[in-house]
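Asker: So the sequences go chain by chain: A, B, C and D.
In terms of the numbering used here, the first sequence is residues 138 to 472.
In terms of the numbering used here, the second sequence is residues 138 to 472.
In terms of the numbering used here, the third sequence is residues 138 to 472.
In terms of the numbering used here, the fourth sequence is residues 138 to 472.
4 protein chains.
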Amino acid sequence: MRFFSDNAAAVSQPVLDALAAANSVDTAYDEDAQSQKLDAAFSEIFETEVTALWVSTGTAANALALAALCPPHGAIICHAEAHIQNDECGAPEFYTHGAKLLLGTGEGAKLTPDEVERIAGSIRDDVHQMQPHALSITQASEYGMVYTMDEVAALGDLCRARGWGLHMDGARFANAVAHLDCAPAEVTWRAGVDMLSFGCVKNGGMSAEAIIQFGDARGKAAEIRYRRKRGGHLLSKGRYLAAQILAMLENDLWLDNARAANAGAKLIADAAPDRLVYPAEANEVFIRLSAEEAASLRAKGFDFYDWGVGEARFVTSWDQGADEVRPLAEAIAAL
Amino acid sequence: MRFFSDNAAAVSQPVLDALAAANSVDTAYDEDAQSQKLDAAFSEIFETEVTALWVSTGTAANALALAALCPPHGAIICHAEAHIQNDECGAPEFYTHGAKLLLGTGEGAKLTPDEVERIAGSIRDDVHQMQPHALSITQASEYGMVYTMDEVAALGDLCRARGWGLHMDGARFANAVAHLDCAPAEVTWRAGVDMLSFGCVKNGGMSAEAIIQFGDARGKAAEIRYRRKRGGHLLSKGRYLAAQILAMLENDLWLDNARAANAGAKLIADAAPDRLVYPAEANEVFIRLSAEEAASLRAKGFDFYDWGVGEARFVTSWDQGADEVRPLAEAIAAL
Amino acid sequence: MRFFSDNAAAVSQPVLDALAAANSVDTAYDEDAQSQKLDAAFSEIFETEVTALWVSTGTAANALALAALCPPHGAIICHAEAHIQNDECGAPEFYTHGAKLLLGTGEGAKLTPDEVERIAGSIRDDVHQMQPHALSITQASEYGMVYTMDEVAALGDLCRARGWGLHMDGARFANAVAHLDCAPAEVTWRAGVDMLSFGCVKNGGMSAEAIIQFGDARGKAAEIRYRRKRGGHLLSKGRYLAAQILAMLENDLWLDNARAANAGAKLIADAAPDRLVYPAEANEVFIRLSAEEAASLRAKGFDFYDWGVGEARFVTSWDQGADEVRPLAEAIAAL
Amino acid sequence: MRFFSDNAAAVSQPVLDALAAANSVDTAYDEDAQSQKLDAAFSEIFETEVTALWVSTGTAANALALAALCPPHGAIICHAEAHIQNDECGAPEFYTHGAKLLLGTGEGAKLTPDEVERIAGSIRDDVHQMQPHALSITQASEYGMVYTMDEVAALGDLCRARGWGLHMDGARFANAVAHLDCAPAEVTWRAGVDMLSFGCVKNGGMSAEAIIQFGDARGKAAEIRYRRKRGGHLLSKGRYLAAQILAMLENDLWLDNARAANAGAKLIADAAPDRLVYPAEANEVFIRLSAEEAASLRAKGFDFYDWGVGEARFVTSWDQGADEVRPLAEAIAAL
């Protein structure tokens with residue numbers, strides 16, 4: 138039984154069906170009927186006019202958004218555990234042409250305004266140092282924690298005051314919204330977010346994510362289109378990406394899938410409240426586990442990652458129902 | 138009826154079926170069972186050990202291959218009509234970090250050894266000029282012409298003599314092989330090609346191409362893997378790309394599709410031999426057409442691109458049988 | 138006797154004297170008293186408020202200016218014989234992060250509005266092609282010809298109409314102004330030039346050039362300062378660069394030196410009016426010369442470059458008086 | 138009295154004299170007689186065959202060396218207080234095309250093998266993370282401390298074992314050698330250093346530093362020449378840089394100047410042994426100083442930087458004799 142990554146999960150049937158349904162002749166790149174629907178579909182979900190561009194990976198979404206927010210000689214503040222720092226092989230540096238990531242710390246891979254101010258304060262305002270131009274936060278965080286609306290808004294205020302862009306890496310944005318049970322607008326543009334990497338792949342998609350531009354950042358969409366093409370990310374049959382995304386949005390499939398994944402995580406967390414390293418707010422559970430305990434779980438067929446020494450990470454997916462997760466929860470409880 | 142681009146065509150049913158068949162849990166990125174089969178599948182087709190990496194677009198395939206063959210301060214020789222020069226918004230410059238394309242001329246977007254030598258000879262061997270490190274040719278060319286085995290080999294000899302890498306943009310490689318009716322090896326590694334962008338998308342695929350490394354260039358595969366990740370091109374559910382490619386290779390679907398597309402082009406070309414700007418060797422036909430003639434064809438429902446003044450381009454696709462193409466051929470013949 | 142490059146010339150004595158005079162303790166980088174005088178000194182010469190930044194080379198000046206005018210996914214139009222295309226090893230591509238140079242032709246390495254419009258017209262306005270953002274012209278040109286005020290103004294109008302930046306590579310700007318005998322303002326900002334690489338080194342300087350920003354382009358100065366530092370071009374003892382430039386400007390040394398160099402070229406040109414490939418407007422003379430004639434001149438001790446087949450280039454320098462040039466002129470006349 | 142930076146110091150008279158002496162016609166770029174002497178001059182000092190390239194700034198020297206040692210997708214380990222991280226506005230990222238700096242900690246801005254191993258151990262050996270390719274250390278460090286021969290050798294062993302390049306930022310290399318009183322070879326190539334940025338400017342030069350390649354790294358010299366030109370760092374009158382460097386090496390001026398600067402620092406340090414934050418091994422002294430004490434020193438005319446809260450940095454220069462430094466030492470002792 139697989140709990141090592143939501144990337145290993147299958148693709149939701151409606152997404153596959155949408156690919157089949159899209160399988161007819163249409164114009165190339167993103168001029169097709171499906172791609173042309175993206176802006177409207179996301180504008181409805183976010184209750185404001187947005188622009189939305191598909192790409193194949195969350196790494197591309199993050200890097201393209203950051204490149205539009207930060208010049209080559211600028212800096213981007215993020216958490217030391219951020220995906221953009223640790224898991225993208227320098228895609229942000231590549232797409233920004235060499236901007237620097239300034240790393241902060243904070244519980245559960247979340248940043249606070251105080252920490253962000255501390256980092257900003259450590260940079261001299263002179264030409265010898267790369268000046269911050271953007272803040273990037275991950276929602277839900279790399280440790281499965283969720284920024285509340287107020288927490289995002291506080292960071293948004295800080296960014297506006299300093300003239301920075303605010304980027305949200307939403308590889309698990311659906312899981313965060315499902316946890317908060319709020320309007321997507323509340324934790325994005327209303328809280329000051331300029332660009333969002335809206336994740337689908339971990340949540341039942343196959344190969345499509347979206348870069349959402351809110352408010353003034355919509356003015357960057359034209360530039361991002363050039364950067365996307367230049368990055369080799371303008372698929373000639375882009376309609377099959379658009380179709381995936383539209384299928385995810387249709388009937389709130391994105392939220393249903395996220396709720397299912399979150400429920401699995403809760404089942405595990407509830408079985409081991411004393412072992413939790415962080416509250417399990419999304420679809421990831423980090424628990425304390427000795428080497429022997431880990432071995433005994435693996436002997437029972439559970440597949441997961443060790444996380445540092447004495448800890449382990451379990452990721453639940455949209456397609457894992459209670460029947461599949463309960464045996465793990467029980468095995469942990471029985472340790 | 139659409140004749141403006143093979144990018145507008147649908148996806149081959151076996152490719153769609155392969156996506157559905159791949160729809161189960163597996164490891165992420167390219168560690169899954171399907172991705173692991175790629176090297177062997179291509180090695181069989183090319184009758185030698187190759188390495189093969191999937192990416193989502195031909196632009197990414199070309200740019201990643203070129204970045205592995207040319208340093209930032211180097212130059213790449215290509216035809217002035219090459220896709221890498223005209224249609225990739227500078228992806229080669231982006232991935233190589235600023236290498237320069239040196240442009241040649243030649244009938245039908247094909248380069249000859251003489252022309253390549255002329256370009257090379259125009260570069261002073263000093264630090265003030267970017268020195269050529271690679272040659273990139275397109276097979277079939279942007280004007281639907283095909284390099285013969287001898288023609289590729291002559292360029293391959295030149296590259297070896299000068300210590301350059303030889304890259305082949307094979308967005309329509311299948312069409313070229315179908316035309317030549319030769320072993321794929323004959324126009325690639327046996328003729329000196331180091332890296333091939335093996336196209337699927339124009340030929341019935343959805344969102345998968347392959348970068349093939351031959352011979353010594355296989356030593357570059359590790360570096361390309363880092364560059365691919367860094368470019369945001371390592372899909373987390375890469376198995377769905379591998380599945381597409383394997384489906385294209387299975388039972389020679391790639392060649393069958395290419396033959397079908399080529400047959401359509403031949404039908405058109407045979408209907409207007411006196412109008413041909415170039416011989417129609419692959420699936421593109423360029424013919425002389427007055428503005429009035431073009432208008433009359435469009436009035437009949439045929440969709441195609443003007444190409445400069447007094448010329449037009451018709452592209453046939455894998456899914457267009459004689460029944461669909463014949464009306465166009467007849468309409469042209471009747472002009 | 139050396140006529141192969143004005144780079145080989147010595148440094149003007151007032152420049153050397155200025156270095157000695159500057160040899161005391163002062164603040165580092167460009168906060169010192171001398172660097173602080175640059176804006177005012179150039180503003181006086183150009184009869185308008187300008188910002189001026191020193192760098193060590195003309196290549197750095199050009200590349201930094203172009204990087205401020207063109208994004209990585211944009212294009213810069215220039216002549217095929219431009220220094221930025223042929224003699225800077227891709228510095229523009231490096232500093233712009235991969236912008237493309239679009240090459241034009243034109244008598245004497247000069248571009249006309251018609252030619253520039255032709256190039257612009259060859260670029261489709263879509264995301265697949267790099268869109269022009271700037272025009273770069275060389276004054277005096279690589280073939281020693283000078284754009285008149287009207288010629289610059291016509292190109293300036295074109296740039297304004299299209300929203301492009303206009304950069305002038307003025308490695309031999311002094312020679313051009315000396316030839317035109319006009320106010321420097323007339324061929325720069327009044328004619329629509331946004332940024333000028335103001336050359337000193339070929340004209341008696343040692344290691345200092347200036348990037349001048351006019352009008353709205355002054356708003357780019359802050360960004361260029363970061364790019365300059367990032368390029369390793371912010372010297373810690375920058376006052377010795379500023380001192381060189383101030384010495385060049387003092388008492389019109391820059392114009393006196395240029396006039397002297399131009400006079401040498403005129404002496405040569407007047408000796409061989411029938412051999413001239415281009416009118417000798419600045420300090421370069423291109424003449425037709427057979428291999429035997431070239432050999433005979435070299436046998437007499439004259440040092441110069443062959444320029445293609447049957448032509449030769451002679452460059453005169455600020456420190457070559459009539460006594461030094463006349464023997465060459467007479468030798469050519471006697472051929 | 139100025140103690141805030143050795144960059145503010147004047148230029149040594151022999152360097153100025155060398156500029157005047159070099160002021161005659163010679164070939165351009167680095168083909169001139171003076172530039173051609175550099176390899177031999179440095180080979181003698183380092184007792185082995187080296188290649189040496191001049192550049193104008195230490196930032197350029199560092200960035201060019203690192204670009205030759207680390208690919209765009211690689212990482213460079215350095216101290217969190219390193220000049221390349223904090224004071225070069227991302228020049229390493231620019232010249233490497235986006236490599237990442239991995240930051241360590243350590244007393245006095247020095248790295249230990251344990252710390253370097255700790256950082257290396259934190260990087261997973263997979264394609265999602267940028268792999269270390271080089272280590273960069275600063276000799277003397279940013280806090281005026283000096284790596285002993287054994288310390289460098291231990292880091293050199295580590296680099297060789299891991300296949301990394303070892304770069305030494307020697308902006309104050311002369312001060313370090315003067316302190317150690319060792320052969321320059323002992324703390325460079327014999328200890329495993331591949332490339333050295335040999336500083337002159339802080340030590341009495343005007344605008345010239347050297348990049349030294351040792352051993353196998355000499356094979357990178359050709360590539361660095363292209364990168365140098367591309368970076369706009371190939372001065373057309375390069376002979377005036379070579380002349381500066383040769384003047385610094387002549388009669389051990391570089392060591393004499395460094396000894397003088399070190400002696401000044403010792404004078405200060407000896408006056409306040411209980412206040413020292415770090416041992417004053419080179420020409421920088423960091424002492425604990427209250428705000429009131431700092432103010433009282435400034436009131437007496439001493440100019441220096443605060444360094445964090447409650448500390449201050451004093452930098453002595455080659456041209457400050459005991460007469461100039463003693464008043465400061467006495468003032469500190471009297472606090």
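The beta-carbon is built from N, C-alpha and C at its ideal position, and this holds for glycine as well.
Are residue 379(B) and residue 191(B) touching if we call contact CB-CB under 8 Å?
Answerer: Here residue 379(B) refers to the residue found at position 242 when the second sequence is read from its first residue. Here residue 191(B) refers to the residue found at position 54 when the second sequence is read from its first residue. Yes, Cβ-Cβ distance for residue 379(B) and residue 191(B) is below 8 Å.
Asker: Quick check on DSSP: helix, strand or coil for residue 231(A)?
Answerer: Position 94 of the first sequence, counting from 1, holds the residue named residue 231(A). Helix at residue 231(A).
Asker: At least one CB of chain A closer than 8 Å to the CB of residue 442(B): is that the case?
Answerer: Along the second sequence, one-based indexing puts residue 442(B) at 305. It does not; no Cβ of chain A falls within 8 Å.
Asker: Helix, strand or coil for residue 426(C)? Go by DSSP, reduced to three states.
Answerer: Residue 426(C) sits at position 289 when you count from the first residue of the third sequence. Looking at residue 426(C) - three-state DSSP - the assignment turns out to be coil, as it is neither helix nor strand.
Asker: With distances taken from CA atoms, which of 269(C), 216(C) and 423(C) is nearest residue 237(C)?
Answerer: Position 100 of the third sequence, counted from the first residue, corresponds to residue 237(C). The candidate whose alpha carbon is nearest that of residue 237(C) is 269(C).
Asker: Quick check on this structure: which residue in 214(A), 181(A), 240(A) and 245(A) has the alpha carbon closest to the alpha carbon of residue 415(A)?
Answerer: Taking the first residue of the first sequence as position 1, residue 415(A) is located at position 278. For the residues 214(A), 181(A), 240(A) and 245(A), the minimum Cα distance to residue 415(A) belongs to 245(A).
Asker: Considering only C-alpha positions, which residue in the set 257(D), 156(D) and 417(D) is nearest to residue 152(C)?
Answerer: Indexing the third sequence from 1 puts residue 152(C) at position 15. Ranking 257(D), 156(D) and 417(D) by Cα distance to residue 152(C) puts 156(D) first.
Asker: Leaving out the 5 sequence neighbours to the left and right, which residues in its chain are closer than 8 Å to residue 364(B) when beta-carbon positions are compared?
Answerer: Walking along the second sequence from the start, residue 364(B) turns up at place 227. Hits under 8 Å: 201, 204, 205 and 232.
Asker: Work out the CA separation of residue 278(A) and residue 454(D) for me, nearest whole Å.
Answerer: In the fourth sequence, counting from the first residue as 1, residue 454(D) sits at position 317. In the first sequence, counting from the first residue as 1, residue 278(A) sits at position 141. If you take the alpha carbons of residue 454(D) and residue 278(A), they lie about 50 Å apart.
Asker: Let's test the definition: count the other Cβ atoms within 10 Å of the Cβ of residue 186(B) and tell me whether it reaches 16, buried, or not, exposed.
Answerer: Reading the second sequence from its first residue, position 49 is the one you call residue 186(B). With fewer than 16 Cβ atoms within 10 Å of its Cβ, residue 186(B) is classed as exposed.
Asker: Does the beta-carbon distance from residue 333(D) to residue 301(D) come in below 8 Å?
Answerer: Start at 1 with the first residue of the fourth sequence, and residue 333(D) comes out as number 196. Start at 1 with the first residue of the fourth sequence, and residue 301(D) comes out as number 164. Not closer than 8 Å, so no.
Asker: Are any of the Cβ atoms in chain B nearer than 8 Å to that of residue 390(D)?
Answerer: If you number the fourth sequence from 1, residue 390(D) lands on position 253. No, residue 390(D) does not count as interfacial toward chain B.
Asker: Under 8 Å by Cβ, that's how I've got residue 164(D) and residue 369(C) pegged, so tell me the actual separation to the nearest angstrom.
Answerer: The residue labelled residue 164(D) in the question sits at position 27 within the fourth sequence. The residue labelled residue 369(C) in the question sits at position 232 within the third sequence. Not a contact, Cβ separation roughly 24 Å.
Asker: Thinking just about the alpha-carbon of each residue, which of 162(C), 154(C), 223(C) and 144(C) is nearest to the one in residue 141(D)?
Answerer: Sequence index remark: in the fourth sequence, residue 141(D) carries index 4 (1-based). That would be 162(C), whose Cα lies nearest to the Cα of residue 141(D).
Asker: Using three-state DSSP, classify residue 452(A) as helix, strand or coil.
Answerer: What you label residue 452(A) is simply residue 315 of the first sequence in a count that begins at 1. Strand, per DSSP.
Asker: Three-state secondary structure (DSSP) at residue 208(C)?
Answerer: Translated into positions along the third sequence, residue 208(C) becomes position 71. In this structure, residue 208(C) counts as coil in the three-state DSSP scheme.
Asker: Using a Cβ cut-off of 8 Å, pull out every chain D residue sitting near residue 228(C), in sequence order please.
Answerer: Residue 228(C) sits at position 91 when you count from the first residue of the third sequence. The answer, in chain order, is 366, 367, 368 and 369.
Asker: Against chain B, does residue 355(D) count as a neighbour if the rule is that its beta carbon must be under 8 Å from one of theirs?
Answerer: For the purposes of this step, residue 355(D) is taken as residue 218 along the fourth sequence, with counting starting at 1. With 8 Å as the cut-off, residue 355(D) does not count as an interface residue toward chain B.
Asker: If contacts are defined as beta-carbon pairs under 8 Å, then residue 210(D) and residue 367(B) qualify, I think. What distance do you get, rounded to the angstrom?
Answerer: Residue mapping note: residue 210(D) aligns to position 73 of the fourth sequence, counting from 1. Residue mapping note: residue 367(B) aligns to position 230 of the second sequence, counting from 1. That pair is a contact at about 5 Å.
Asker: What does residue 362(C) touch in chain A if you count any residue whose Cβ is under 9 Å from its own?
Answerer: In the third sequence, residue 362(C) corresponds to position 225, counting from 1. Neighbours of residue 362(C) on chain A, chain order: 264.
Asker: Rounded to whole angstroms, what is the Cα-Cα separation between residue 256(C) and residue 324(C)?
Answerer: Residue 256(C) sits at position 119 when you count from the first residue of the third sequence. Residue 324(C) sits at position 187 when you count from the first residue of the third sequence. Distance between the alpha carbons of residue 256(C) and residue 324(C): 23 Å.
Asker: Applying a beta-carbon distance threshold of less than 7 Å, which residues of chain F neighbour residue 423(B)?
Answerer: No chain F appears in this structure, whose protein chains are A, B, C and D.
Asker: Does residue 191(B) come out as helix, strand or coil in the three-state DSSP assignment?
Answerer: The residue labelled residue 191(B) in the question sits at position 54 within the second sequence. Three-state result, residue 191(B): strand.
Asker: Less than 8 Å separating the beta-carbons of residue 398(D) and residue 143(D)?
Answerer: The residue labelled residue 398(D) in the question sits at position 261 within the fourth sequence. The residue labelled residue 143(D) in the question sits at position 6 within the fourth sequence. A contact, by the Cβ cut-off of 8 Å.
Asker: Determine whether the Cβ of residue 89(C) lies closer than 8 Å to any Cβ atom of chain D.
Answerer: It is not possible to answer for residue 89(C), since the shown part of chain C is limited to 138 through 472.
Asker: Would you say residue 231(B) lies against chain A (beta-carbon separation less than 8 Å)?
Answerer: In the second sequence, residue 231(B) corresponds to position 94, counting from 1. Chain A, which has a Cβ nearer than 8 Å to the Cβ of residue 231(B), makes this yes.
Asker: List, in chain order, every chain A residue whose beta-carbon is nearer than 7 Å to that of residue 237(D).
Answerer: What you label residue 237(D) is simply residue 100 of the fourth sequence in a count that begins at 1. Per Cβ cutoff of 7 Å: 227 and 230.
Asker: Looking at the structure shown, is residue 385(B) part of a helix, part of a strand, or coil, going by DSSP?
Answerer: As a working note, residue 385(B) is residue 248 in the second sequence. Reduced to three states, the DSSP call for residue 385(B) is helix.
Asker: Quick check: is any heavy atom of the ligand GTP less than 7 Å from the C-beta of residue 138(D)?
Answerer: You won't find the ligand GTP in this model; it holds no ligand whatsoever.
Asker: Taking only three categories from DSSP, how would you classify residue 171(D)?
Answerer: Position 34 of the fourth sequence, counted from the start, is the residue given in the question as residue 171(D). Correct three-state label for residue 171(D): coil.
Asker: Give the residues of chain A in contact with residue 196(B), contact being defined as C-beta atoms less than 8 Å apart.
Answerer: In the second sequence, residue 196(B) corresponds to position 59, counting from 1. Within chain A, the residues near residue 196(B) are 366, 369 and 371.
Asker: Helix, strand or coil: which one does DSSP assign to residue 318(A)?
Answerer: Translated into the one-based positions of the first sequence, residue 318(A) becomes position 181. Here residue 318(A) sits in coil by DSSP.
Asker: Starting from residue 302(C) and walking both ways along the beta strand (DSSP E), at which residues does that stretch end?
Answerer: Position 165 of the third sequence, counting from 1, holds the residue named residue 302(C). Where residue 302(C) is concerned, the enclosing beta strand (DSSP E) stretches over 302-307.
Asker: What separation, rounded to the nearest whole angstrom, lies between the Cα atoms of residue 350(B) and residue 213(D)?
Answerer: Start at 1 with the first residue of the second sequence, and residue 350(B) comes out as number 213. Start at 1 with the first residue of the fourth sequence, and residue 213(D) comes out as number 76. So the alpha carbons of these two residues sit roughly 29 Å apart.
Asker: With a threshold of 16 other CB atoms inside 10 Å of the CB of residue 94(C), please say whether the residue is buried or exposed.
Answerer: Within the shown structure, residues of chain C are numbered from 138 to 472, placing residue 94(C) beyond reach of any answer.
Asker: Mind pulling the chain A residues with CB within less than 8 Å of residue 223(D)?
Answerer: Against the fourth sequence, residue 223(D) aligns to sequence position 86. Neighbours of residue 223(D) on chain A, chain order: 265 and 266.
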